[in-house]
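Structure first, commentary second.
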Amino acid sequence: MTKQRDGFASSLGAFTATVASAVGLGNIWKFPYLAGVNGGAAFVLTYLLAVALVGLPILVAEHAIGRKMRKDAVASYATVVPREGFWVLIGYAGVVAAFLIMAFYSDVAGWVFSYIVKSFMAAFRGTGPLSAQDFAALASGTWEPLIWQIGVVVFVSLIVAAGVSKGIEAATKLTMPILLALLLLCDIRALTLPGAFKGVTFLFAPDFSKLSGTVILSALGLAFFKLSLGMGTMTTYGSYMPESVRLVPNAGRVALADTLVSILAGLAIFPAVFAFGFEPASGPSLLFISIPAVFSKMPFGNFFTVLFFLLSALAATGAMISLIEVPVAWLSGKMKLPRPKAVIITALGIIVLGIPATLSLGPWKEVQLFKMGFFDLFDYIQQNLLLPLGGLAIAIVAGWRLRKSDFLNELAGQEKGKKWYLTLVYIFIKYISPALIVLVFLNGFGVFGK
Ligand code: PFF
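For the sequence shown, the tail end lands on 1491 under my numbering, and the numbers increase by one without skipping.
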């Protein structure tokens, strides 16, 4: 007899693990800085549309395919359409994307973890807040960022090595509520500052002149990145879901919770940024330079800075767990490696790829490919190419290559009766979402002119 496959023990666990994959540095670091750089509300609105019209249907499709196949992403796409083995490319592209993302993500996560310690020390010693120079020294260093990065990869690997229900599910059930509570605390603090309203307007009052093809493509790419889509993560998590999970409502709640966290993060950051006259468009360093500076100006600011980085670290951990799980599930499923061995190999691969990403912000600044250093290149490839194209391929598999009744049966699961929203979601998966991806993609690359 084969050993029973590990999986999520309950619907609630399936929900928290999925939310934990979605919620991450994407909400707290990428979403605010992209909104800041791209002019605020118009970008936010485009992003929300991308989540609703494309992200949500594809999230459902991935969960359904994963649960139907009960295998890792590579094996799932290799066999999901009989006699069309080439869809396995989705699985392999997903494994590649997981390594590329982890390479730069673990660098940023390393900064976050180090900022918990650094901001705590600064508060304790009563020195001023961490400055732009402090951040530059960290990010462009050699050993310091590498050590934090490797430490983070080892830490997350240990959780993943403990297994799906005992590691992933247990950890995320603990971290998600704490994260939300900390975030709400920071929100209350930021929103009660004098002048906070400017930040709120920045997030919610759109100026559509800021939109362009590339901005829309990056909003779509962000929607994929945010919901962990297009690379088999959600397929893998779908394969761990018990039959009792109602896929459509579950995915709806995940997308809603994730979006809410992004907005709450924006509401903790921008009101404070505006209240103290900082620059919202400062880019990837927004979190690390503005937050300590801005928070330090308010009462109990040092305390809130530590809290903010603590919650960011929790968020990053849940997301990294799911990134690592893609190659781990493949290595331990298809390649039949014991789980700990699969985790060690994956972690080593991430570290090998992570080193050039990290050093590209410092000593290897001059090394460029397509006018980008490794950190930016890895991010660009995953966000603008791999994830949207992976998502498109998944929509084609679900909408056009699987038998409609099979797919709908998997979507319905144990839900009784015909549910109207199942058909609606199916129409999105089959027509609307893939069409939008193609349009946004061509537009982003200037096919329709500038
Ligand atoms: N969704 C995560 C975030 O927003 O930080 C990042 C991510 C996790 C992307 C898992 C892709 C993935 F498969």
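Where a beta carbon is used, it is the ideal one built from N, C-alpha and C, also for glycine.
Taking 8 Å as the cut-off, decide whether the C-beta atoms of residue 1156 and residue 1329 are in contact. A contact, by the Cβ cut-off of 8 Å.
Report the CB separation of residue 1134 from residue 1431 in whole angstroms; it is logged as a contact under 8 Å. Contact flag correct, Cβ pair sits at about 6 Å.
Measuring CB to CB, does residue 1264 end up less than 8 Å from residue 1092? Going by C-beta atoms, residue 1264 is nearer than 8 Å to residue 1092.
DSSP state of residue 1410, grouped into three classes? Annotated three-state conformation of residue 1410 is strand, per DSSP.
Which whole-angstrom value is the C-beta distance of residue 1278 and residue 1206, which I expect to be below 8 Å? Going by Cβ atoms, the distance from residue 1278 to residue 1206 rounds to 12 Å, so no, they are not a contact pair.
Cβ neighbour criterion (16 or more within 10 Å) applied to residue 1455: It is exposed - the Cβ of residue 1455 has fewer than 16 other Cβ atoms within 10 Å.
Integer Cβ distance of residue 1452 from residue 1105, believed to fall under 8 Å: Yes, they are in contact, since the Cβ atoms of residue 1452 and residue 1105 sit about 5 Å apart, within 8 Å.
Near the ligand PFF: residue 1266 beta-carbon under 7 Å from a heavy atom: When distances are taken from the beta-carbon of residue 1266 to the heavy atoms of the ligand PFF, the shortest one is below 7 Å.
Flag residue 1272 as yes when its Cβ comes closer than 7 Å to any non-hydrogen atom of the ligand PFF, and as no otherwise. With a cutoff of 7 Å, residue 1272 counts as near the ligand PFF, since its C-beta is closer than that to a heavy atom of the ligand.
Output the boundary residues of the alpha helix (DSSP H) element that contains residue 1046. From DSSP, residue 1046 is part of no alpha helix (DSSP H); its letter is neither H nor E.
What's the call for residue 1043, buried or exposed, on a 16-neighbour Cβ count within 10 Å? With a pLDDT of 46 at residue 1043, under the threshold of 50, the predicted position of this residue should be treated as unreliable, though the coordinate-derived value follows. Burial call: exposed.
Under the criterion of a Cβ to heavy atom distance below 7 Å, does residue 1066 qualify as lining the ligand PFF? At least one heavy atom of the ligand PFF falls within 7 Å of the beta-carbon of residue 1066.
Judging by CA-CA distance, which residue of 1053, 1468, 1401, 1324 is the nearest neighbour of residue 1218? Of the candidates 1053, 1468, 1401, 1324, the one whose C-alpha sits nearest the C-alpha of residue 1218 is 1053.
Check: residue 1364 C-beta below 7 Å from any heavy atom of the ligand PFF: Yes, Cβ of residue 1364 sits closer than 7 Å to a heavy atom of the ligand PFF.
Secondary structure of residue 1281, DSSP reduced to three states: In the structure shown, residue 1281 adopts coil according to DSSP, grouped into three states.
Whose CA, out of 1063, 1368, 1152, 1353, lies closest to the CA of residue 1180? Put simply, of 1063, 1368, 1152, 1353 the residue whose alpha carbon is nearest the alpha carbon of residue 1180 is 1152.
Confirm, please, whether the CB-CB distance from residue 1149 to residue 1066 is below 8 Å. With contacts defined by Cβ atoms closer than 8 Å, residue 1066 and residue 1149 form a contacting pair.
Any heavy atom of the ligand PFF closer than 7 Å to the beta-carbon of residue 1063? True, at least one ligand heavy atom lies under 7 Å from that Cβ.
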